[in-house]
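A.B. asks:
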Amino acid sequence: MTEDLKGLALDAIATSAAADDPDYPSFHVVPPVGRLNDPNGLLVDGATYHAFYQLSPFHPHRKLVYWGHSSSTDLLHWHHHEPTIIPDSFYDRSGAYSGNAIVLEGRELDLAPAQAAYQLFYTGNLKDPVTDERTASQCLVTSNDLTSFTKWPGNPLIPTHSQGYTAHFRDPQVFRDPDRPGEYRMLIGVQRTNETGAAVLYRSRDLVAWELEGELSFPGAGGAFDSFGYMWECPGLVRVKDEDTGEDWDVLIWCPQGITPEREGFENIFPCVYTVGHLVGTELWDTDGTFHEVDRGFEFYAPQAFARRPSEPGPVLLTGWAGNASEDDQPSIQTGRWVHALSLPRALSLRNGRLIQRPATDLPDDAGQSALVGRPLETGQYEVVELRGHRSWQLRLEANAAPSSGAWGLRIGSDQSHVDIVLDEGALRVDRSTSRYTQYGAVRTVTLPEGCEPVLEIVHDRSLTEVFVGDGILAFTLRSFVDVSSSGARLLVERPLELTSASTRTFPPRPDAL
Ligand code: FRU
Numbered sequence: 009m010t011e012d013l014k015g016l017a018l019d020a021i022a023t024s025a026a027a028d029d030p031d032y033p034s035f036h037v038v039p040p041v042g043r044l045n046d047p048n049g050l051l052v053d054g055a056t057y058h059a060f061y062q063l064s065p066f067h068p069h070r071k072l073v074y075w076g077h078s079s080s081t082d083l084l085h086w087h088h089h090e091p092t093i094i095p096d097s098f099y100d101r102s103g104a105y106s107g108n109a110i111v112l113e114g115r116e117l118d119l120a121p122a123q124a125a126y127q128l129f130y131t132g133n134l135k136d137p138v139t140d141e142r143t144a145s146q147c148l149v150t151s152n153d154l155t156s157f158t159k160w161p162g163n164p165l166i167p168t169h170s171q172g173y174t175a176h177f178r179d180p181q182v183f184r185d186p187d188r189p190g191e192y193r194m195l196i197g198v199q200r201t202n203e204t205g206a207a208v209l210y211r212s213r214d215l216v217a218w219e220l221e222g223e224l225s226f227p228g229a230g231g232a233f234d235s236f237g238y239m240w241e242c243p244g245l246v247r248v249k250d251e252d253t254g255e256d257w258d259v260l261i262w263c264p265q266g267i268t269p270e271r272e273g274f275e276n277i278f279p280c281v282y283t284v285g286h287l288v289g290t291e292l293w294d295t296d297g298t299f300h301e302v303d304r305g306f307e308f309y310a311p312q313a314f315a316r317r318p319s320e321p322g323p324v325l326l327t328g329w330a331g332n333a334s335e336d337d338q339p340s341i342q343t344g345r346w347v348h349a350l351s352l353p354r355a356l357s358l359r360n361g362r363l364i365q366r367p368a369t370d371l372p373d374d375a376g377q378s379a380l381v382g383r384p385l386e387t388g389q390y391e392v393v394e395l396r397g398h399r400s401w402q403l404r405l406e407a408n409a410a411p412s413s414g415a416w417g418l419r420i421g422s423d424q425s426h427v428d429i430v431l432d433e434g435a436l437r438v439d440r441s442t443s444r445y446t447q448y449g450a451v452r453t454v455t456l457p458e459g460c461e462p463v464l465e466i467v468h469d470r471s472l473t474e475v476f477v478g479d480g481i482l483a484f485t486l487r488s489f490v491d492v493s494s495s496g497a498r499l500l501v502e503r504p505l506e507l508t509s510a511s512t513r514t515f516p517p518r519p520d521a522l
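Residues in the sequence shown are numbered from 9 upward in steps of one, following the working numbering.
1. Report the rounded CA-to-CA distance for residue 497 versus residue 417, giving the unit in angstroms.
2. State buried or exposed for residue 10, treating a residue as buried only when at least 16 other CB atoms are found within 10 Å of its CB.
3. Compute the distance between the beta-carbons of residue 93 and residue 182, then report whether it is under 8 angstroms.
4. Please state the DSSP three-state secondary structure of residue 110.
5. Would you identify the three-state DSSP class for residue 13, choosing helix, strand or coil?
6. Quick one: does the C-beta of residue 175 sit closer than 7 angstroms to a heavy atom of ligand 1?
7. What does a CB cutoff of less than 7 angstroms around residue 64 pick up in its chain, not counting 5 residues either side in sequence?
8. Compute the beta-carbon to beta-carbon distance between residue 422 and residue 443, rounded to the nearest angstrom, for a pair I have assumed lies under 8 angstroms.
9. By Cβ distance, which residues of its chain are closer than 6 angstroms to residue 476, with the 5 residues on each side in sequence left out?
10. Go ahead and pull the three-state DSSP assignment for residue 78.
11. Residues in its own chain within less than 6 angstroms of residue 403 by CB, not counting five upstream and five downstream?
12. Just to confirm, does residue 302 get its C-beta within under 7 angstroms of one of the non-hydrogen atoms of ligand 1?
13. From which residue to which residue does the beta strand (DSSP E) around residue 172 run?
14. Is residue 8 close to ligand 1? I mean its beta-carbon at under 7 angstroms from any heavy atom of the ligand.
15. Quick check: the Cα distance between residue 502 and residue 388, rounded to an integer number of angstroms?
16. Over what stretch of residues does the beta strand (DSSP E) that includes residue 366 continue unbroken?
17. For residue 14, count neighbouring Cβ atoms within 10 angstroms of its own Cβ and tell me buried if that reaches 16, exposed if not.
18. Would residue 324 be called buried (16 or more neighbouring beta carbons within 10 Å of its own) or exposed?
19. Between residue 76 and residue 91, which are expected to be in contact by the criterion C-beta below 8 angstroms, what is the C-beta distance as a whole number of angstroms?
20. Comparing alpha-carbon positions, which option in 258, 395, 280, 261 lies nearest residue 268?
21. Report buried or exposed for residue 202, applying the criterion of at least 16 other Cβ atoms within 10 angstroms of its Cβ.
22. Measure from the alpha carbon of residue 56 to the alpha carbon of each residue in 349, 153, 82, 517, then state which is nearest.
23. Consult DSSP for residue 179 and reduce its assignment to one of helix, strand or coil.
24. Taking 7 angstroms as the limit between beta carbons, can you name the residues of its chain near residue 398, skipping five residues before and five after?
25. Are the beta-carbon atoms of residue 566 and residue 438 separated by less than 8 angstroms?
26. What residues match up with residue 129 in a beta bridge as DSSP calls it?
27. If you draw a straight line from the alpha carbon of residue 523 to that of residue 241, how long is it in whole angstroms?
28. Straight-line CA distance for residue 86 to residue 171?
29. So does residue 62 have its beta carbon nearer than 7 angstroms to some heavy atom of ligand 1?
30. Can you round the beta-carbon distance between residue 211 and residue 221 to whole angstroms, since I take them to be within the 8 angstroms contact cut?
31. Evaluate contact between the region 321 to 339 and the region 226 to 239, counting only Cβ atoms and requiring at least three cross-stretch pairs below 8 angstroms.
32. Applying the 10 Å Cβ sphere with the 16-neighbour rule, what's the burial state of residue 521?
33. Should residue 178 be listed as close to ligand 1, given that the test is whether its C-beta is under 7 angstroms from any heavy atom?
34. Please determine whether the Cβ atom of residue 242 lies at a distance below 7 angstroms from any heavy atom of ligand 2.
35. Examine the Cβ distances between the region 309 to 329 and the region 27 to 47 and report whether three or more of them are shorter than 8 angstroms.
36. Is the distance from the Cβ of residue 243 to the Cβ of residue 179 below 8 angstroms?
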């Protein structure tokens, strides 16, 4: 008898105590039970945002990966839905791995054999129980209402890896070809048979029949990406506008495993990087091989952008996994049988070839100004009274200090157990060494990019903190398991300072109906 994998997952969810865990974030996407990893199939549908994600409901007992599903109308209140892709087909029974979504409209719908507005692409992972040999295929799930989902009967669309590559061939990103209307492209992260990483492109007119075009190459990059790690996971191309020039760029964001550049950064097990160019055919032009990490924090990986209908344009929103591979031994596994979360969506733009990321949930214009604003602050600590008693909040601080004029920042938690986020001598220093989660990094110092303004924006949600410096020029995501009995934050001032602005808002605990 075949197992009822959906029923088993629903049972695990029904008995979950995750929402009672004091570390369970209030306004982020979190798993209803078990382990979450990459965001998948992110999409905007009118006024509703949908986030799917890698979900292992039985973690740590059984590593079986589904697609979980949450939705929100404000990016702050997320509702759990039933798991969407169940790994119960011959081609995905070792896991429904990562992929993305595309939302069709008008004539596009008539031309797609699947006749469904929402098309979700993913990798079917199959491991032979006897030989352990892996087969990776690219598959389709469709929906017309985002409530019921159907696996395409013709799955798998691309049954195996192509010649010259290994079975590490996964994480499809499907997008419209802006240069050839009516055609679609699929970007897949791969490993060559010589064990170097790359990405390949496929092309389709109907989203069902796919033809290999070739490997993504970088003609102006001087070979920088030709032998760049042993596998590329989760590649994605997003078109982003430069704020100053108005020019459109194609930003390639991907996770090359096994690179060790000799410069500051790259401390996580695997990095997530971007490079900026213009896609022409299978070539990314106008990149000279420069790359940067998307986020400099301890936990950040595998981000992707939300898909939109062409008739509903909007900002490019990016969400990542606030976690890393093989780092699942977090306190919440013991206290609530859940682990990991997605980052808040960030609105992307570019300035001078650098990605700018701002929380998509802007503080409202009339957000309360803290009583700390507008008076000289001597060396010391100052409670941000507006945050007293709150464990989920957003705060934006602007100081009249140059970033190099003396340390200032924020302490989240109590004196015994806290995270310090400090701007000091042209650097951001994050210290979580007194928190309950330090084993994959306790203190990190990041040099601020040139011209970085003394603006510190922090989004804190119980055990997850996202830091944005200089109006989005630097992003730093981390898990922050501080003292659960303490709340709020204190301003740390090591040299006299004046805040010119300090706006705050707080969030109540989630109502959680699972
Ligand atoms: C990245 C990744 C993807 C894969 C998925 C499996 O974190 O390894 O390459 O599709 O996670 O859960």
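Even glycine gets a Cβ: it sits at the ideal position worked out from N, Cα and C.
C.D. replies: From the atom records:
1. 10 angstroms
2. exposed
3. no
4. strand
5. helix
6. no
7. 42, 43, 71, 72, 73
8. Residue 422 to residue 443, Cβ: 10 angstroms. No contact.
9. 465, 483
10. strand
11. 466, 512
12. no
13. First-last for residue 172: undefined, no H or E at that position.
14. With the chain running from 9 to 522 in the structure shown, residue 8 is simply not present.
15. 6 angstroms
16. 362 to 367
17. exposed
18. buried
19. 6 angstroms
20. 280
21. exposed
22. 82
23. strand
24. 495, 496, 514
25. Since the first residue of the chain shown is 9 and the last is 522, residue 566 is not available in this structure.
26. 148
27. Only positions 9 to 522 of the chain appear in this structure, which leaves residue 523 out of reach.
28. 42 angstroms
29. yes
30. 5 angstroms
31. no
32. Model confidence at residue 521 stands at a pLDDT of 40, short of 50, so the residue's coordinates are unreliable and nothing is read from them.
33. yes
34. With respect to ligand 2, the structure shown offers nothing to examine, as its ligands consist of ligand 1.
35. yes
36. yes
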